[in-house]
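**Student:** Just dropping this structure here.
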Amino acid sequence: MNIALILVIVLSFSSASFATKGFDLSYYQGDVSSSDFSCLKSNGYDFGIIEATKGSQATLNPYISSVVSNARKHIKNIDVYIFPDTSHSASSLMNSFIKDLKKDGVLTNNMIWMDIEGTQYWSGSCSNNQKWLKEAINTINGLYTGCGHSTCVGIYTSESQWSPIMCNTSEFSNHQLWYAHYDGKASFSDFKAFGGWTKPNMKQYQGTTNICNTQIDKDYY
Numbered sequence: 125m126n127i128a129l130i131l132v133i134v135l136s137f138s139s140a141s142f143a144t145k146g147f148d149l150s151y152y153q154g155d156v157s158s159s160d161f162s163c164l165k166s167n168g169y170d171f172g173i174i175e176a177t178k179g180s181q182a183t184l185n186p187y188i189s190s191v192v193s194n195a196r197k198h199i200k201n202i203d204v205y206i207f208p209d210t211s212h213s214a215s216s217l218m219n220s221f222i223k224d225l226k227k228d229g230v231l232t233n234n235m236i237w238m239d240i241e242g243t244q245y246w247s248g249s250c251s252n253n254q255k256w257l258k259e260a261i262n263t264i265n266g267l268y269t270g271c272g273h274s275t276c277v278g279i280y281t282s283e284s285q286w287s288p289i290m291c292n293t294s295e296f297s298n299h300q301l302w303y304a305h306y307d308g309k310a311s312f313s314d315f316k317a318f319g320g321w322t323k324p325n326m327k328q329y330q331g332t333t334n335i336c337n338t339q340i341d342k343d344y345y
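Listed below in structure tokens is the structure:
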């Protein structure tokens, strides 16, 4: 076997070794059990992100405390994501959410991801949308700092969503980026810069997947 081929094999193995596989789970999956998370762990999933809100409604997922508790019994790194309801005040909504999530033990040393997608959930004004998101993030930052990063708020989006909703602003590029691209590949090789982000932190690479008595989206970092 020639040296060049050996090098390709070694580099490919090294890249695969450092890939971390995870999942995200929506409110619509209900109260996912401890045994289901044990199954996910056995299938190689090492982190998860649970929806903290009840879809796009201005209320928390009624199962969030139980689901996060069940998940943490088997998987150490569990973040949450928030699907905003922009018909409400950003500061009052986030103030209510964060206080309740802290009280219920959901927020410890984990990240909060803001789900930015669906033009129908936002106003037709990019400046108003940017203002709402900035206010939401500032409110969260004032209430929760326990994740070990300069800000505990990350952004979930894609170029196709960020551009029409936020007019591709780079104002939030200091926040970690979790981007969506359903190419079925646990790799960042497809990433193209947008919104001031030149590299991502995490990728959602596959949509609804049936596994372990529930449905997940597949993620990678």
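In this note's numbering, the protein residues as written are 125 to 345. Backbone N, C-alpha and C fix where the C-beta goes; we use that ideal spot for every residue, glycine too. Note that the coordinates shown come from a computational prediction; the quantities given were computed from them, not determined experimentally.
Quick one: using the 10 Å Cβ neighbour count with 16 as the cut-off for buried, is Glu175 buried or exposed?
**Tutor:** Buried, because 16 or more other Cβ atoms sit within 10 Å of the Cβ of Glu175.
**Student:** Verify whether the separation of the beta carbon atoms of Leu217 and Ala182 is less than 8 angstroms.
**Tutor:** Taking 8 angstroms as the Cβ cut-off, Leu217 and Ala182 qualify as a contacting pair.
**Student:** Would you say Asp148 and Asp307 are within 8 angstroms of each other, going by their C-beta atoms?
**Tutor:** It is not a contact, given that the beta carbons lie outside the stated cut-off.
**Student:** In the segment 149-177, which residue ranges form an unbroken beta strand (DSSP E) of at least 3 residues, counting only runs that do not cross its ends?
**Tutor:** Complete beta strand (DSSP E) runs here, min 3: 171-175.
**Student:** Cα separation between Asp203 and Val191?
**Tutor:** If I take the Cα positions, the gap works out to 11 angstroms.
**Student:** To the nearest angstrom, how far is the alpha carbon of Ile335 from that of His212?
**Tutor:** For Ile335 and His212, the distance between alpha carbons rounds to 35 angstroms.
**Student:** Can you tell me where the alpha helix (DSSP H) with Thr210 in it begins and where it stops?
**Tutor:** Unbroken run through Thr210: none, as it is neither H nor E.
**Student:** Thinking just about the alpha-carbon of each residue, which of Trp321, Ser284, Pro186 is nearest to the one in Asp224?
**Tutor:** Checking every option, the nearest Cα to that of Asp224 belongs to Pro186.
**Student:** Roughly how many angstroms separate the alpha carbons of Lys145 and Ala310, rounded to a whole number?
**Tutor:** When rounded, the distance between both Cα atoms is 8 angstroms.
**Student:** By the three-class DSSP mapping on this structure, what secondary structure does Lys327 have?
**Tutor:** Strand, per DSSP.
**Student:** Under 8 angstroms by Cβ, that's how I've got Leu267 and Asn219 pegged, so tell me the actual separation to the nearest angstrom.
**Tutor:** Going by Cβ atoms, the distance from Leu267 to Asn219 rounds to 7 angstroms, so yes, they are a contact pair.
**Student:** Could you name the residues of the same chain whose beta carbon sits closer than 7 angstroms to that of Glu259, not counting the 5 residues immediately before and after it, in chain order?
**Tutor:** Once the five neighbours on either side are set aside, the close Cβ partners of Glu259 are Ala214, Ser215.
**Student:** Just curious, the alpha helix (DSSP H) that Gln285 is in, first and last residue?
**Tutor:** First-last of the alpha helix (DSSP H) with Gln285: 283-290.
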